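Q: In the numbering used here, the protein residues as written are 40 to 568.
Glycine residues also receive a C-beta, built at the ideal position from the N, C-alpha and C atoms.
All of these numbers come straight from a predicted model, not from anything done at the bench.
My questions will all concern the structure given below.
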Amino acid sequence: MTIYLHELPNISPLVSSVEETPEPIPTTVKGTIPTWIHGSLLRNGPGKFEFGNQHYNHWFDGMALMHRFQIEDGQVMYRSRFLRSDSYKQNSERNRIIVSEFGTLALPDPCKNFFQRFLSRFEMIKPTDNASVNFVKYKGDYYVSTETNYMHRVDPDTLESKQKVDWSKFIAVNGATAHPHFDPDGTAYNMGNSYRNKGAFYNIIRVPPERDGPEDNLEGAKILCSIAPRDKSKPSYYHSFGMSENYVVFIEQPIKMDLFKIVTGRLRGKSLNEGVYWDPNQETTFHLIDKQTGKEMPVKYHAKALSTFHQINAFEQDGFLMLDMCCSDDGQAINNFLVQNLRQSGEALDEMYNTMSRPLPRRFVLPLNISSETPLEQNLNTRPDSTNMSLSQVFCTFEDLHGEDLKDYGGLEFPHINYARYNTKPYRYYYGCGFRHLVGDSLIKMDLESKKFKVWRQPDLYPSEPVFIPSPNAEKEDDGVILSVIITPVKDKSTFLLVLDAKTFEELGRAEVPVNIPYGFHGVFNSSA
Numbered sequence: 040m041t042i043y044l045h046e047l048p049n050i051s052p053l054v055s056s057v058e059e060t061p062e063p064i065p066t067t068v069k070g071t072i073p074t075w076i077h078g079s080l081l082r083n084g085p086g087k088f089e090f091g092n093q094h095y096n097h098w099f100d101g102m103a104l105m106h107r108f109q110i111e112d113g114q115v116m117y118r119s120r121f122l123r124s125d126s127y128k129q130n131s132e133r134n135r136i137i138v139s140e141f142g143t144l145a146l147p148d149p150c151k152n153f154f155q156r157f158l159s160r161f162e163m164i165k166p167t168d169n170a171s172v173n174f175v176k177y178k179g180d181y182y183v184s185t186e187t188n189y190m191h192r193v194d195p196d197t198l199e200s201k202q203k204v205d206w207s208k209f210i211a212v213n214g215a216t217a218h219p220h221f222d223p224d225g226t227a228y229n230m231g232n233s234y235r236n237k238g239a240f241y242n243i244i245r246v247p248p249e250r251d252g253p254e255d256n257l258e259g260a261k262i263l264c265s266i267a268p269r270d271k272s273k274p275s276y277y278h279s280f281g282m283s284e285n286y287v288v289f290i291e292q293p294i295k296m297d298l299f300k301i302v303t304g305r306l307r308g309k310s311l312n313e314g315v316y317w318d319p320n321q322e323t324t325f326h327l328i329d330k331q332t333g334k335e336m337p338v339k340y341h342a343k344a345l346s347t348f349h350q351i352n353a354f355e356q357d358g359f360l361m362l363d364m365c366c367s368d369d370g371q372a373i374n375n376f377l378v379q380n381l382r383q384s385g386e387a388l389d390e391m392y393n394t395m396s397r398p399l400p401r402r403f404v405l406p407l408n409i410s411s412e413t414p415l416e417q418n419l420n421t422r423p424d425s426t427n428m429s430l431s432q433v434f435c436t437f438e439d440l441h442g443e444d445l446k447d448y449g450g451l452e453f454p455h456i457n458y459a460r461y462n463t464k465p466y467r468y469y470y471g472c473g474f475r476h477l478v479g480d481s482l483i484k485m486d487l488e489s490k491k492f493k494v495w496r497q498p499d500l501y502p503s504e505p506v507f508i509p510s511p512n513a514e515k516e517d518d519g520v521i522l523s524v525i526i527t528p529v530k531d532k533s534t535f536l537l538v539l540d541a542k543t544f545e546e547l548g549r550a551e552v553p554v555n556i557p558y559g560f561h562g563v564f565n566s567s568a
């Protein structure tokens, strides 16, 4: 049952431009921050939504603002810095939007003559290097990433931009996700599209864990496997992918990119997001790629139309691959996150929220031992704790990883687990944000055994994606803390870093910092222990 909400509070300040804080400032600690935490929470997200009198249209378009919460001896220092991307520098120099973003088409330069402005409409939209989505790590170096071919290597202490890195200089891809996965030895896996004469391809990327020299960044990266889309002129959009011990799992979902519309966007005066659309008449397809051989499994697994941004975990057990992810039954959300929508109030805001599909955690159980001997039209799921598989060229249903009461909290997104010890392995707990608003407004810890959950929620406070840090000598899966950055639209400069006991989900302490931070996307913990 869908919960409809009314009189949602206005959150405009959470999607408004702020100033950077390039020099470290102290915070005021209330409660206790465990002294065993040594390191920094690094966060990324949009921080500037206009240049001059020109405004960005989409939440994803804002200029990347990096944050660092340095935790040492129970105290916290904070600093932030805008990424000095080419996009940021060019926009700043001209005090207008020069570089197009996902939802904003840069207007022709008014200083050019009419003929030059006319010709500029026939140019392709150039990819942005505004890497505002996540911090990622390759070969021991930190990068900020978006979904184009550009990343920036950054100093995790000062947040200064060190080097602009182009994926396409190393392998034949036109972009990569901001959500790589890692083997225990540090080998990284990612996905990126390539656009060739024969149309689009999805590519599985592998980056070795060791660097060959001080200048080495993505050297040695290889394309493990290329997958042809169902329709090469309309490939699926994807934000992330799944990975088990032996397989990369690519979810080809019915959020489609119309390449003709995207290529002709400037000519038609349309931004990139106008070429992204939801096709509910198409199924979702799961592709499994063997990490050792690079071969795609011949079996295709299908499910009803769904959309997913983030996976929770994937692991192999008893001849099955369990794929856990946050899903919605509708894929139109990506085009709902326009800045004007996030800044709405009153009935318009309520209507926007109530028409959106809720993200819910689900498990798909994929049988690995399919052969020509497998009988048709038979339920292949022999696992006693899950009821979600029937065969017709392997069609998958799903098991809910929650009880009905999770819907009271608006579903769950921004999932996180004890990644270092339990990624690709059977696990019991995951964490995330509840969404009784267009952005997260609660923190949730779910127990997969009981499907019961614990909640941290306070009025007018909006938490970021939870990040789990294991405690020293941890024995249990949830021995550790959860870090989340809390912001509010109702009080100026009232941000704080929240520290929860991951086991009890009770607050241990908070570090108050007198700055405003917009609602961001993702981050990592950089341990200095």
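With DSSP collapsed to three states, give me the class of residue 160.
A: As a first step, residue 160 is located in the sequence shown; it is residue number 121 there, counting from the start. Any reading at residue 160 must be qualified, since the residue scores a pLDDT of 49, below 50, and its modelled position is unreliable; the value itself is stated next. Three-state DSSP puts residue 160 in coil, outside helix and strand.
Q: The alpha helix (DSSP H) spanning residue 452 covers which residue range?
A: Start at 1 with the first residue of the sequence shown, and residue 452 comes out as number 413. Element bounds for residue 452: not the alpha helix (DSSP H) but the beta strand (DSSP E), 451–455.
Q: Could you check the C-alpha separation between residue 62 and residue 119 for me, to the nearest Å?
A: Mapped onto the sequence shown, residue 62 falls at position 23. Mapped onto the sequence shown, residue 119 falls at position 80. Spanning the two alpha carbons is a distance of roughly 8 Å.
Q: Could you tell me whether the region 315–335 touches the region 284–298, where touching means 3 or more Cβ pairs closer than 8 Å?
A: Cβ pair count under 8 Å is three or more, so yes.
Q: Quick one: give me the first and last residue of the beta strand (DSSP E) that residue 243 is part of.
A: On the sequence shown, residue 243 is found 204 positions in, with the first residue counted as 1. Element bounds for residue 243: 238–246.
Q: Could you tell me the distance, in whole angstroms, from the CA atom of residue 428 to the CA atom of residue 489?
A: Sequence index remark: in the sequence shown, residue 428 carries index 389 (1-based). Sequence index remark: in the sequence shown, residue 489 carries index 450 (1-based). Legend: pLDDT at residue 428 = 43, less than 50; position of this residue unreliable, value from coordinates given subsequently. Near 22 Å, if we compare the C-alpha coordinates of residue 489 and residue 428.
Q: DSSP puts residue 324 in a beta bridge; with which residues?
A: Taking the first residue of the sequence shown as position 1, residue 324 is located at position 285. 291 and 341.
Q: Strictly by DSSP, which residues pair up with residue 229?
A: For the purposes of this step, residue 229 is taken as residue 190 along the sequence shown, with counting starting at 1. In DSSP, residue 229 forms a bridge with 244.
Q: Between which two residues does the beta strand (DSSP E) carrying residue 351 extend?
A: Sequence index remark: in the sequence shown, residue 351 carries index 312 (1-based). Here the beta strand (DSSP E) through residue 351 covers 346–356.
Q: Just grab the DSSP bridge partners of residue 119 for me.
A: The residue you call residue 119 lines up with position 80 of the sequence shown. Partner(s): 106.
Q: For residue 266, collect the residues of the same chain with a Cβ closer than 7 Å to its Cβ; drop the 5 residues on either side in sequence, then sort them by chain order.
A: By one-based count along the sequence shown, residue 266 stands at place 227. Around residue 266: 240, 241, 289, 326 and 335.
Q: Starting from the N-terminal side, write out each stretch of the alpha helix (DSSP H) that is 4 residues or longer and does not extend beyond the region 373–399.
A: DSSP runs (the alpha helix (DSSP H)) wholly in the region 373–399: 378–381 and 385–393.
Q: Work out the CA separation of residue 195 and residue 309 for me, nearest whole Å.
A: In the sequence shown, counting from the first residue as 1, residue 309 sits at position 270. In the sequence shown, counting from the first residue as 1, residue 195 sits at position 156. Between residue 309 and residue 195, the C-alpha separation is close to 36 Å.
Q: Starting from the Cα of residue 199, find the closest Cα among 497, 182 and 245 and give me that residue.
A: Here the question's residue 199 lines up with position 160 in the sequence shown. Measuring from the Cα of residue 199, the nearest candidate turns out to be 182.
Q: What is the DSSP secondary structure of residue 184, counted as helix, strand or coil?
A: As a working note, residue 184 is residue 145 in the sequence shown. DSSP places residue 184 in strand when its eight states are reduced to three.
Q: Within its chain, find whatever has a CB closer than 8 Å to the CB of residue 276; leave out the 5 residues flanking it on each side and keep chain order.
A: Reading the sequence shown from its first residue, position 237 is the one you call residue 276. So the qualifying residues of the chain are 292, 294, 295, 296, 315 and 373.
Q: So what does residue 65 bridge to, in DSSP terms?
A: Indexing the sequence shown from 1 puts residue 65 at position 26. Looking at the DSSP assignment, residue 65 forms a beta bridge with 116.
Q: Whose C-beta lies closer than 6 Å to the C-beta of residue 527 among residues of the same chain, with five residues either side of it excluded?
A: Taking the first residue of the sequence shown as 1, we reach residue 527 at position 488. Result list for residue 527: 499, 500 and 533, in chain order.
Q: Starting from residue 202, follow the alpha helix (DSSP H) in both directions and report where the run begins and ends.
A: Along the sequence shown, read from residue 1 onward, the residue named residue 202 stands at position 163. Note, residue 202: premise wrong, no alpha helix (DSSP H); beta strand (DSSP E) at 200–205.
Q: Within 10 angstroms of its Cβ, does residue 529 collect 16 or more other Cβ (buried), or is it exposed?
A: Here residue 529 refers to the residue found at position 490 of the sequence shown. Exposed is the call here.
Q: Would you list the residues sitting across from residue 93 in a DSSP beta bridge?
A: Numbered from 1 along the sequence shown, position 54 holds the residue referred to as residue 93. Residue 93 is bridged to 90.
Q: From residue 211 to residue 385, what does the alpha carbon distance come to, in whole angstroms?
A: The residue given as residue 211 occupies position 172 in the sequence shown. The residue given as residue 385 occupies position 346 in the sequence shown. So the alpha carbons of these two residues sit roughly 48 Å apart.
Q: Return the chain-ordered ranges of every beta strand (DSSP E) run that is complete within the region 483–541 and spans a minimum of 3 residues.
A: Qualifying beta strand (DSSP E) stretches, in chain order: 491–495, 506–509, 519–526 and 534–540.
Q: Return the first residue and the last residue of the beta strand (DSSP E) that residue 565 is part of.
A: The sequence position of residue 565 within the sequence shown is 526, counting from 1. Unbroken beta strand (DSSP E) run through residue 565: 561–566.
Q: Using beta-carbon positions only, say whether residue 396 and residue 439 come within less than 7 Å of one another.
A: One-based indexing of the sequence shown puts residue 396 at position 357. One-based indexing of the sequence shown puts residue 439 at position 400. No; because the gap between Cβ atoms is not below 7 Å, this pair is not in contact.
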